[in-house]
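Student: Input: one structure, supplied below.
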Amino acid sequence: MLRKTVLDVTQRAKQSQALKQITASYEHLPPPSGLNVSCILWTAGRELKPTRSKEASVQSFRDPFAKEHLDQELFVAQLHGTHNLVLNKFSIVDEHVVLATVEFAPQEEPLDAADFRAMWTVMHELDAFAFFNCGYESGASQPHKHMQLMTYRSMKEITELDMPPLLHFIAQQLSSHSTSETVQLPELPFCHFLHRIDVADGTDSKRAAADVVAIYDKVLRRMNSMAYPRALQTSSSLFVSYNLLLTSSFLFMIPRKAEGFNGIEVNSIGFIGSFFVSDNKQRAYVMACDGPLDLLRHVTFPPARAEPR
């Protein structure tokens, strides 16, 4: 039912031009050395999401997720009285949605059971994965707390995999690990934390959220217990930005030291194995370096440098 609503709202929003889809072409990149994963590189066409100017936008900021500013042409549904589900106004693929808190909460605030309940509901209704950009270095674009979701269907047409390439690889690797341990895969050359999720089919969203938020809290504590080289971070805050990706079978958390590199911004989508460049100059850089993993290395902390405090 929810997926039909998303498709109906998408069709109307395209007709009214409320939905500003970005024109981009894509290509499959050769697997980097040591990792049998073929990532996707998108190169922008004519229509680009406006570049953020953080200094200039302070006075003119208008919260797009506030009740009084919510674009009704993009609105899909309210879930559990706590979150609004809307279409992502600037998207490359269909079935990319945003899940924002009804009442304002800061994006840097940790996720709670209500957030996970709303995410879990949408994940299962749409057959989607969720992600959360937390903090400046993570690529977060709005201060109002929000998560995002993309359907597996929207990516499968491109990747021909049941999951996006890097998530597919992780799912395969995690199958041999227990559901009680936090894992770092040696094949991924950056600091990260993985944890399997084992929620039985048919579990109601409230119970599932309680299980998943417990895992999230455990992994977040582990991430925050590490000592990171502060000089590598873009901002001066002691807060550690991170990206979070959530599937029904695992949670993937990546602490961040920089928002982007060489003009290429990276948010959670980079960690599914999908990258976006704005022009051919940026494309040439990605093609010339050691593929997208080199880009990820530049915006994350190396595993060996993250040590327990």
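Taking full-length UniProt numbering as reference, the numbering of the sequence shown is continuous, increasing by one, and the terminal residue is 309.
Here a beta-carbon is modelled for each residue, glycine too, at the ideal position from N, C-alpha and C.
1) Which residue spans inside the UniProt domain "ATP adenylyltransferase C-terminal" (186-302) form an unbroken alpha helix (DSSP H) run of at least 4?
2) Where does residue 124 fall in DSSP's three states?
3) Within 10 angstroms of its Cβ, does residue 291 collect 16 or more other Cβ (buried), or is it exposed?
4) To test your reading of the DSSP string, which unbroken beta strand (DSSP E) runs of 3 or more residues are found completely within the region 99-143?
5) Evaluate residue 145 with the Cβ neighbour count: other Cβ atoms within 10 Å of its Cβ, from every protein chain shown; 16 or more gives buried, anything less gives exposed.
6) So, with DSSP's three-state summary, where would you put residue 35?
7) Using the Cα positions of residue 276 and residue 128, report the straight-line distance between them to the nearest angstrom.
8) Applying the criterion that 16 or more other CB atoms from any shown protein chain within 10 Å of the CB defines a buried residue, is residue 34 buried or exposed?
9) Work out the CA separation of residue 16 and residue 312 for me, nearest whole Å.
10) Quick check on residue 160: does DSSP put it in helix, strand or coil?
11) In angstroms with no decimal places, state the Cα-to-Cα distance between residue 259 and residue 266.
12) Distance, Cα to Cα, residue 91 vs residue 156?
13) Measure how close the beta-carbons of residue 166 and residue 269 come, nearest whole angstrom, since I'm counting them as under 8 Å.
14) State buried or exposed for residue 163, treating a residue as buried only when at least 16 other CB atoms are found within 10 Å of its CB.
15) Beta-carbon within less than 6 Å of residue 121's beta-carbon, same chain only, minus the 5 sequence neighbours each way: which residues are those?
16) Closest to residue 147 by C-alpha separation, out of 280, 243, 287, would be which residue?
17) Spatial neighbours of residue 308 within its chain, please: C-beta separation below 8 Å, excluding the five flanking residues on both sides.
18) Report the partner residues of residue 179 according to the DSSP bridge assignment.
19) Could you tell me whether the Cβ atoms of residue 93 and residue 176 are closer together than 8 Å?
20) Please work out which residues of its chain come closer than 6 Å, Cβ to Cβ, to residue 39, disregarding the five sequence neighbours upstream and downstream, and give them in chain order.
21) Just to confirm my understanding: we take residue 174, look at its own chain, exclude 5 residues before and 5 after, and list those with CB closer than 7 Å. What are they?
22) Give me the Cβ distance between residue 300 and residue 254, rounded to the nearest whole Å; I'm assuming they're in contact under 8 Å.
23) Is the Cβ-Cβ distance between residue 140 and residue 107 less than 8 Å?
24) Can you give the beta carbon distance from residue 10 to residue 19, rounded, assuming they're within the 8 Å contact cut?
25) Throw me the rounded Cβ distance for the residue 41 and residue 99 pair, which I believe falls under 8 Å.
26) By how many angstroms is the C-alpha of residue 263 removed from the C-alpha of residue 113?
Tutor: Let me spell this out:
1) Within the UniProt domain "ATP adenylyltransferase C-terminal" (186-302), the runs of alpha helix (DSSP H) at least 4 residues long that lie entirely inside it are, in chain order, 205-224, 280-288, 291-299.
2) Counting from one through the sequence shown, the residue named residue 124 turns up at place 124. Three-state DSSP puts residue 124 in a helix.
3) As a first step, residue 291 must be located in the sequence shown, where it is residue number 291. Buried: at least 16 other Cβ atoms inside 10 Å.
4) List check, beta strand (DSSP E) in window: 128-134.
5) For the purposes of this step, residue 145 is taken as the residue at position 145 of the sequence shown. With 16 or more other Cβ atoms within 10 Å, it is buried.
6) Counting from 1 along the sequence shown, the entry for residue 35 is found at position 35. Correct three-state label for residue 35: coil.
7) Residue 276 sits at position 276 when you count from the first residue of the sequence shown. Residue 128 sits at position 128 when you count from the first residue of the sequence shown. Residue 276 and residue 128 have their C-alpha atoms spaced approximately 20 Å apart.
8) Stepping through the sequence shown from its first residue, residue 34 is reached at position 34. Here residue 34 is exposed: its Cβ has fewer than 16 other Cβ atoms, across all protein chains shown, within 10 Å.
9) Nothing about residue 312 can be read from this structure; the chain reaches only from 1 to 309.
10) For the purposes of this step, residue 160 is identified with residue 160 of the sequence shown, where counting begins at 1. It is coil, neither helix nor strand.
11) The count along the sequence shown starts at 1 and reaches residue 259 at position 259. The count along the sequence shown starts at 1 and reaches residue 266 at position 266. Taking the straight line joining both Cα atoms gives about 6 Å.
12) Position 91 of the sequence shown holds residue 91. Position 156 of the sequence shown holds residue 156. Going by the C-alpha atoms only, they are around 16 Å apart.
13) For the purposes of this step, residue 166 is taken as the residue at position 166 of the sequence shown. For the purposes of this step, residue 269 is taken as the residue at position 269 of the sequence shown. Taking C-beta atoms under 8 Å as the contact rule, residue 166 and residue 269 fail to qualify, at a distance of about 10 Å.
14) Here residue 163 is taken as the residue at index 163 of the sequence shown, counted from 1. The Cβ neighbour count for residue 163, taken over all protein chains shown within 10 Å, is at least 16; the residue is labelled buried.
15) In the sequence shown, counting from the first residue as 1, residue 121 sits at position 121. Counting only Cβ-Cβ distances below 6 Å, and skipping sequence neighbours, we find 79, 205.
16) The residue given as residue 147 occupies position 147 in the sequence shown. For the set 280, 243, 287, the Cα lying nearest the Cα of residue 147 is the one of 243.
17) For the purposes of this step, residue 308 is identified with residue 308 of the sequence shown, where counting begins at 1. Unreliable placement is indicated for residue 308, whose pLDDT of 46 sits below 50; no coordinate value is reported for it.
18) Numbered from 1 along the sequence shown, position 179 holds the residue referred to as residue 179. None, per the DSSP bridge assignment.
19) The residue given as residue 93 occupies position 93 in the sequence shown. The residue given as residue 176 occupies position 176 in the sequence shown. Cβ atoms of residue 93 and residue 176: not closer than 8 Å.
20) Counted from its first residue, the sequence shown places residue 39 at position 39. 29, 165, 273, 292, listed in sequence order.
21) Looking up residue 174 in the sequence shown gives position 174. Cβ within range, chain order: 183, 194, 196, 250.
22) Within the sequence shown, residue 300 is the residue found at index 300, counting from 1. Within the sequence shown, residue 254 is the residue found at index 254, counting from 1. The distance from the Cβ of residue 300 to that of residue 254 is about 6 Å, consistent with a contact at the 8 Å cut-off.
23) Indexing the sequence shown from 1 puts residue 140 at position 140. Indexing the sequence shown from 1 puts residue 107 at position 107. Yes.
24) Here residue 10 refers to the residue found at position 10 when the sequence shown is read from its first residue. Here residue 19 refers to the residue found at position 19 when the sequence shown is read from its first residue. Beta-carbon to beta-carbon, residue 10 and residue 19 are separated by about 7 Å, close enough to satisfy the 8 Å threshold.
25) On the sequence shown, residue 41 is found 41 positions in, with the first residue counted as 1. On the sequence shown, residue 99 is found 99 positions in, with the first residue counted as 1. The pair is not a contact, with the Cβ atoms about 27 Å apart (cut-off 8 Å).
26) Counted from its first residue, the sequence shown places residue 113 at position 113. Counted from its first residue, the sequence shown places residue 263 at position 263. Distance between the alpha carbons of residue 113 and residue 263 is about 36 Å.
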